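In the working numbering, the protein residues as written are 692 to 1179. All C-beta atoms in this analysis are idealised placements derived from N, C-alpha and C, irrespective of residue type, glycine included. Small disclaimer: the values here were computed from a predicted structure and weren't measured. Heads up, the thing below is written out as structure tokens.
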């Protein structure tokens, strides 16, 4: 059942006056569309949805919400996988999908200014003919927005060499609580003063609403060499990853898929990949001679680690098809399971084989299956916990298994998230990774931007109202207690 708290009629009327009646959603059936993001196991209908078309409209709607004491949940395409864009009861969802204008392209200085609703892939499509591209490439890049990428500090397959969103954002326009509009950073590579932009990228919508972003563009590499290596199990594939990186090779991307993920991708795309224990898909780019030499070294290391077969694409079309198989893996899992949860933990590369064995053992103990597809080069795991929501108790078992996988990542010297964010799904596990003083310091930074915790409340921090007894000794910051306790 979708929980809902209606918005006061007078507030809704004022919002409709700002954004236009067609862009103010009140109908309960229409509101249900916004009840979750890509994490669909829990749904909460917002009180109201506003779809502003400009920074001025965002600022005015935020000002009205501040006056009315109504919390705000910013939303892009809703492709997030941690519940970061899930509404809270009685909230206003501020959907930024109408703000899709590319405002400025400056190839002379390698930058572009966009509104937050611009789709990630549209950036590269716009400048690709001129030999430029935008490096962060999450698997959802054909539908996810730049604003959402900024909120989650999204990565992607090629983040190993080129970094995450934070490395490619030069500046941003931000609407603060009360409707104040500020600019952090700017079009230059470095600006004077404190690096507040670093606090914004990855803040999961808790500091304000981003309405413009300056992006850093890169020149396309002269050459890219791709190969697919086939292994009998994830043990050999993990050893190959460690061997390649320890040899001083920095691939543009190196991805791993296990047997279940391979089966799903084949079912969805028709690829002729073998039925095997694991695959590695790797890109090396740069000057043509360097790319060819480095790829040959990496292939040799993969063969020494136990690769039974190595495939190279015959042309660019076949290369793109290989990457389509990898990037479609999350959605493809729907071919082999009616439901699944996507986890997102990080471990040291040297621990890949051991951790995957332990994940398999945990899955067996819960009577469930886990498909693994992940950014092997930086140890960013994406275990897909398969379950059937119609079977009594399976969702609960899947959620417990997901939590145990996150705990395993932390015990192994890693993190509870690499690129999907904490949101609501992982808030209960923040205390596993951060001490109480650390959490209080992080929340104090949030409070400096948003003193009443009006933006995206109830996310990230292990609040007992959300997490029961999971947080351990941590208690919420007084700002959050004062700002939220009486409303939620």
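Assign residue i to one of three DSSP states: helix, strand, or coil.
i: residue 708; result: helix
i: residue 715; result: strand
i: residue 700; result: helix
i: residue 1045; result: helix
i: residue 1035; result: coil
i: residue 974; result: strand
i: residue 828; result: coil
i: residue 1073; result: coil
i: residue 732; result: coil
i: residue 1126; result: coil
i: residue 844; result: coil
i: residue 1156; result: At residue 1156 the pLDDT is 36, less than 50, meaning the model places this residue with poor confidence and gives no usable figure here.
i: residue 1163; result: Only weak support exists for where residue 1163 lies, its pLDDT of 36 falling under 50; the coordinates are left without a value.
Give me, in chain order, the residues of the same chain whose beta-carbon lies closer than 7 Å to that of residue i; leave out the 5 immediate sequence neighbours on both sides.
i: residue 957; result: 964
i: residue 815; result: 824, 825
i: residue 674; result: Residue 674 is absent from the structure shown; the chain starts at 692 and stops at 1179.
i: residue 985; result: 940, 975
i: residue 822; result: 910, 911
i: residue 872; result: 746, 750, 864, 866
i: residue 802; result: 861, 878, 905, 906, 907, 908
i: residue 1165; result: Confidence at residue 1165 is low in this model, with a pLDDT of 33, below 50, so the placement of that residue is unreliable and no value is reported for it.
i: residue 1162; result: Legend: pLDDT at residue 1162 = 34, less than 50; position of this residue unreliable, value from coordinates given subsequently. Closer than 7 Å at the Cβ level, and outside the excluded window around residue 1162, lie 1119, 1122, 1153, 1155.
i: residue 1076; result: 1031, 1032, 1034, 1059, 1061, 1089, 1092, 1093
Who does residue i pair with in a DSSP beta bridge?
i: residue 1146; result: 763
i: residue 1060; result: 1077
i: residue 836; result: 810
i: residue 1140; result: According to DSSP, which records beta bridges pairwise, residue 1140 is partnered with nothing at all.
i: residue 1065; result: 947
i: residue 969; result: 922, 949
Give me, in chain order, the residues of the same chain whose beta-carbon lies closer than 6 Å to that of residue i; leave out the 5 immediate sequence neighbours on both sides.
i: residue 1120; result: 1097, 1107
i: residue 715; result: 706, 707, 741
i: residue 1095; result: 1053
i: residue 711; result: none
i: residue 948; result: 970, 1064
i: residue 926; result: 1044
i: residue 792; result: 806
i: residue 977; result: 912
i: residue 795; result: 804
i: residue 702; result: 759
i: residue 1042; result: 1103
i: residue 935; result: 989, 992
i: residue 744; result: 789
i: residue 709; result: 748, 751, 752
Less than 8 Å between C-beta atoms, sequence neighbours within five positions excluded: which residues of the same chain meet that for residue i?
i: residue 775; result: 728, 842, 843, 895, 896, 1112, 1113, 1114, 1115, 1147, 1150
i: residue 1079; result: 1028, 1029, 1030, 1085
i: residue 982; result: 912, 913, 914, 915, 916, 975, 976
i: residue 999; result: 921, 922, 923, 967
Could you tell me whether the Cβ of residue i comes closer than 7 Å to any Cβ of chain E?
i: residue 1045; result: This model lacks chain E altogether; it includes just one protein chain.
Does the beta-carbon of residue i, which I'm using as the reference point, lie nearer than 6 Å to any heavy atom of the ligand MG?
i: residue 1058; result: The model depicted lacks the ligand MG and carries no ligand whatsoever.
Could you tell me which uninterrupted alpha helix (DSSP H) segments, each at least 4 residues in length, are contained entirely in the stretch 848-923, listed from first to last along the chain? 850-853, 887-891
Three or more C-beta pairs below 8 Å linking the stretch 885-902 and the stretch 1134-1141: yes
Runs of 3 residues minimum, wholly inside the stretch 1075-1121: which ones carry the beta strand (DSSP E) assignment? none
Is it true that the stretch 940-952 meets the stretch 845-852, where meeting means three or more beta-carbon pairs spaced less than 8 Å apart? yes
Inside the stretch 734-817 only - alpha helix (DSSP H) runs reaching at least 4 residues: 746-759
How about the stretch 1001-1009 and the stretch 1033-1042: do they share at least three Cβ pairs that are nearer than 8 Å? no
Could you check whether the stretch 836-843 touches the stretch 878-890, counting it as contact only if at least three pairs of C-beta atoms, one from each stretch, sit closer than 8 Å? no
Runs of alpha helix (DSSP H) lying entirely within the stretch 922-965, each at least 4 residues, in chain order: 925-937, 950-960
Per the contact definition of three or more C-beta pairs closer than 8 Å, is the stretch 1041-1057 in contact with the stretch 1009-1020? no
At 3 residues or longer, what runs of the beta strand (DSSP E) sit wholly inside the stretch 982-1022? 1000-1002
Given 8 Å as the limit, is there contact between the stretch 927-941 and the stretch 873-881, that is, 3 or more CB pairs closer than that? no
Does the stretch 916-934 touch the stretch 797-813, meaning 3 or more C-beta pairs lie closer than 8 Å? no
Spell out a yes or no on whether the stretch 723-737 and the stretch 775-785 are touching, meaning 3 or more CB-CB pairs, one atom from each, closer than 8 Å. yes
Inspect the CB distances between the stretch 1121-1134 and the stretch 740-756 and report whether three or more fall short of 8 Å. no
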